[in-house]
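Take a look at the structure set out below.
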Amino acid sequence: MSEFRFESERSVGAADFSSPAEALVGLIMGSDSDYPPAMEACAQQLDKLGILFEMTVPSAHRTPLRMIAYAQAARHRGLKVIIACAGGSSHLPGMVGALTTLPVLAVAPNKLEKDIAAPLSSVRMPKGAPLGFIGFEQAGAVNAALFAARIVGAFDENIARLLEEFERNQANSVPPHPYLGEKK
Ligand code: RP5
Numbered sequence: 688m689s690e691f692r693f694e695s696e697r698s699v700g701a702a703d704f705s706s707p708a709e710a711l712v713g714l715i716m717g718s719d720s721d722y723p724p725a726m727e728a729c730a731q732q733l734d735k736l737g738i739l740f741e742m743t744v745p746s747a748h749r750t751p752l753r754m755i756a757y758a759q760a761a762r763h764r765g766l767k768v769i770i771a772c773a774g775g776s777s778h779l780p781g782m783v784g785a786l787t788t789l790p791v792l793a794v795a796p797n798k799l800e801k802d803i804a805a806p807l808s809s810v811r812m813p814k815g816a817p818l819g820f821i822g823f824e825q826a827g828a829v830n831a832a833l834f835a836a837r838i839v840g841a842f843d844e845n846i847a848r849l850l851e852e853f854e855r856n857q858a859n860s861v862p863p864h865p866y867l868g869e870k871k
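Note that the numbering used here has the sequence shown beginning at 688, numbered continuously upward.
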């Protein structure tokens, strides 16, 4: 089971990021309103792969000090990848990317038509401040989970095998003929 810390982070409120993370992947979001449905799908995908993750809400504009504390401690705590999701001006992914040398993957919680600023904020990062923008809504969030798994899996054979199994199952779920598939 994954380390599911969302509730406890919320109840703790203030950031205490001094203890080592058991998790490999840190999920962060600008608001708890980013959790369902987008980041919930990300969490579920990581959980299905059996990859340990933790979650917190370090809003860049409402709790900037929590964001800084989280980002600066992330590598020392043992995290390997951060997935950041925020809407609107969406400075969370870029700011966290600037505060750590860990890879940071960005997800926009809403569709492009609803919120064009968030993805632009990530894809327009200036030279020298790399950020991986993955996509929008649940699909983007699931792909961010899979991308994070690939990053971790590049150094971990067990995770690479779990990813291979996921891809095999996915391939097997695609019917070779429309009449052979289950009704959706
Ligand atoms: C951003 O503003 C959050 O990431 C969220 O996508 C959006 C709305 O936040 P709430 O007003 O729902 O807290 O900071």
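Glycine included, C-beta positions come from ideal geometry on N, C-alpha and C.
Write down the C-beta distance between residue i and residue j rounded to the nearest angstrom, noting that I regard them as a contact closer than 8 Å.
i	j	result
Ser-777	Ser-746	No, Ser-777 and Ser-746 are not in contact; Cβ-Cβ is about 11 Å, not under 8 Å.
Val-744	Met-716	6 Å
Gly-873	Val-794	The first residue shown for the chain is 688 and the last is 871, placing residue 873 beyond what the model contains.
What I want to know is whether the C-beta of residue i ends up closer than 7 Å to one or more non-hydrogen atoms of the ligand RP5.
i	result
Met-716	yes
Ser-720	yes
Ser-746	yes
Pro-796	yes
Gly-774	yes
When you compare only the Cα positions, how much space is there between residue i and residue j?
i	j	result
Pro-806	Ala-730	20 Å
Gly-819	Asp-734	22 Å
Glu-824	Arg-753	25 Å
Asp-802	Ala-773	11 Å
Val-699	Met-812	For Val-699, the predicted model reports a pLDDT of 35, less than 50, meaning its position is unreliable and no value from the coordinates is stated.
Ile-738	Gln-857	18 Å
Arg-697	Ile-846	In this prediction, Arg-697 scores a pLDDT of 36, lower than 50, which makes its location untrustworthy; the coordinate-derived value is nonetheless stated afterwards. Distance between the alpha carbons of Arg-697 and Ile-846: 29 Å.
Ala-816	Ser-860	39 Å
Ser-695	Ser-718	Bear in mind that the predicted position of Ser-695 carries a pLDDT of just 39, short of 50, making it unreliable; the figure below should be weighed with that in mind. If I take the Cα positions, the gap works out to 15 Å.
Between the Cα of residue i and the Cα atoms of the options, which residue gives the shortest distance?
i	options	result
Glu-852	Gly-840, Pro-862, Ala-773	Gly-840
Lys-814	Leu-736, Ala-828, His-748, Gly-784	Gly-784
Arg-762	Gln-825, Ala-826, Pro-707	Pro-707
Pro-723	Asn-845, Pro-817, Ala-847, Asn-797	Asn-797
Ile-770	Pro-865, Phe-740, His-864	Phe-740
Gly-765	Leu-711, Ala-725, Ala-804	Leu-711
Ser-705	Ala-728, Ile-755, Arg-855	Ile-755
Arg-749	Ile-838, Glu-727, Leu-779, Glu-869	Leu-779
Ala-725	Val-829, His-864, Pro-863, Arg-848	Val-829
Glu-709	Met-742, Asp-721, Ser-720	Met-742
Could you tell me whether the Cβ atoms of residue i and residue j are closer together than 8 Å?
i	j	result
Ala-831	Ile-821	yes
Lys-767	Leu-789	yes
Gln-732	Leu-833	yes
Ala-758	Leu-714	no
Gly-775	Ala-804	yes
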